[in-house]
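Numbering (this note's numbering), first residue to last: 32 to 532. Ideal Cβ placement from N, Cα and C applies to all residues, glycine included. Fair warning: this is a prediction, and the values are worked out from it, not measured in the lab. What follows is a single structure, written as structure tokens, with notes after it.
Pasting the structure below:
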């Protein structure tokens, strides 16, 4: 076996229009890869292969890219017998052949037979795109399968990149070693691929193409300038709050408008502000409800805002302002804002208002879940609670502790009722502690209006629930009422959205 298990293979290639397109330069890159730990090189074309072999002494996986075939969306990596002959005679130890189920000038059986009959010492890598390719090619018995073309064919263009799960899929149907290749950029990705069963891994662009590496870094900052202006929009159940900030986080303007509880009117309010604030370059939106962050769709909203479920906020803002916004749940945005200040690795923010919102940072990352609905702790069922929640469930804890209940409890001015309410908050915080081993939990929203006196009640009740509980871990957030809008603005920056040209 020429390709050793657990080895790093570096693909060293450059196209004719690229600055490094010189066989001697490519060979030097291969030598640098060897010095860094690569034990095999993947290279394109006879001249590159010949010089790389001479300079590095490493095994070479040889390929021949047929660009005429590529233009026709056909199989294009080493697809003719004369190409095989040329690169083997240049010194290739292993031949990689495009084995995807696309049109090809010569059959795979012809190519495999040609190698086996004329160059029995040369091993064959079957470059595939998915497990169906593997099933169709397995009878030809290549020495290795490589996931090289996953994401590059019309039938795999939507797969997750890199397609690490493809390794396990292939191993379920064949014992032939699998090489992980295609879209691998980070060290942890190739480690994960080996742990999941890859025989070896190939990395190319992320190591050997500096113009693309440079472009990645440039694109990460190309939307930022001294003219960057960010608008954060917080669409809550009662109020719509907007905050305009500069890149250095200075507040440039604020808006607070009562929520009209109507989709068209809400969008009209946003449009009017955007029409006034013509210099906005980034937009972040925080909305009540569950949000699909990728699509910007409100996947579920309670009746606190009627007919809000299904609204595509990303699409609506894009039409209004030609800016692609970042869209998130309002509690997540406020959590992000608090975290930007307090910087704990594990923390929670719970917001009290029309309902109970919450967000969590776990090991330095915002907890979202599959559909953006993670950590909706206001909808945990409280024992023996028979109240119907606006979400449709019976017994949600938020029906007992939301802002309205807090106000009525303090208006009654009954000590017993205050203690009961504090005990419910303590119960919920204790539950959260079991889910997320937080360093601190911050209380935000109207609960801050009731001051240290109520906070002390919660802390005392919380400590009584467990000897492990420290009441000092419960704090009021230092965010003001525009915290959700501020967090949305920050998210739009850190997720790197830019104004469309």
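Taking the straight line between their C-alpha atoms, what separation do you get for residue i and residue j?
i	j	result
residue 177	residue 508	51 Å
residue 48	residue 378	50 Å
residue 398	residue 442	36 Å
residue 530	residue 260	Only weak support exists for where residue 530 lies, its pLDDT of 42 falling under 50; the value from the coordinates is given anyway. Roughly 11 Å between the two C-alpha positions.
residue 437	residue 388	15 Å
residue 294	residue 504	39 Å
residue 523	residue 314	6 Å
residue 254	residue 419	46 Å
residue 532	residue 280	With a pLDDT of 37 at residue 532, under the threshold of 50, the modelled position of this residue cannot be trusted; read the value that follows with caution. The alpha-carbon atoms of residue 532 and residue 280 are separated by roughly 25 Å.
residue 286	residue 362	19 Å
residue 169	residue 201	10 Å
residue 496	residue 421	29 Å
residue 215	residue 204	23 Å
residue 383	residue 401	25 Å
residue 198	residue 490	50 Å
residue 324	residue 273	19 Å
residue 56	residue 62	10 Å
residue 329	residue 194	28 Å
residue 476	residue 409	14 Å
residue 396	residue 240	30 Å
residue 37	residue 230	6 Å
residue 175	residue 157	6 Å
residue 471	residue 103	58 Å
residue 486	residue 444	16 Å
residue 481	residue 506	13 Å
residue 283	residue 510	17 Å
residue 162	residue 132	11 Å
residue 153	residue 227	27 Å
Between the Cα of residue i and those of the options, spot the shortest distance and give me the residue it belongs to.
i	options	result
residue 209	196, 303, 216	196
residue 85	324, 315, 65	65
residue 54	83, 93, 70, 37	83
residue 218	62, 424, 41	41
residue 278	106, 252, 392, 511	252
residue 296	276, 311, 271, 284	271
residue 301	243, 262, 459	262
residue 276	267, 289, 308, 174	308
residue 187	164, 174, 207, 426	164
residue 327	360, 353, 366	360
residue 450	492, 97, 207	492
residue 350	237, 368, 242, 298	298
residue 369	125, 226, 513, 81	513
residue 80	108, 124, 189, 100	124
residue 121	90, 68, 305, 185	90
residue 213	224, 499, 354	224
residue 358	373, 371, 342	342
residue 109	88, 434, 143	143
residue 76	92, 321, 67, 35	92
Could you check where the beta strand (DSSP E) with residue i kicks off and where it finishes?
i	result
residue 270	270-277
residue 176	175-177
residue 496	From DSSP, residue 496 is part of no beta strand (DSSP E) but of the alpha helix (DSSP H) over 482-496.
residue 555	Nothing can be reported for residue 555: it is not among the residues displayed for the chain, which extend from 32 to 532.
residue 154	154-158
residue 313	313-318
residue 73	71-75
For the alpha helix (DSSP H) containing residue i, name the first residue and the last one.
i	result
residue 446	446-466
residue 149	139-149
residue 440	434-443
residue 98	98-102
residue 112	112-120
residue 204	196-204
Do residue j and residue i count as a contact pair if the criterion is CB distance below 8 Å?
i	j	result
residue 232	residue 73	no
residue 71	residue 60	no
residue 380	residue 473	yes
residue 519	residue 319	no
residue 385	residue 269	yes
residue 118	residue 95	yes
residue 180	residue 160	yes
residue 516	residue 265	yes
residue 134	residue 106	yes
residue 316	residue 356	yes
residue 137	residue 112	yes
residue 462	residue 411	yes
residue 391	residue 467	yes
residue 354	residue 311	yes
residue 521	residue 367	yes
What are the residues that DSSP puts in a beta bridge with residue i?
i	result
residue 289	270
residue 180	Looking at the DSSP assignment, residue 180 forms no beta bridge with any residue, so it has no partner.
residue 412	427
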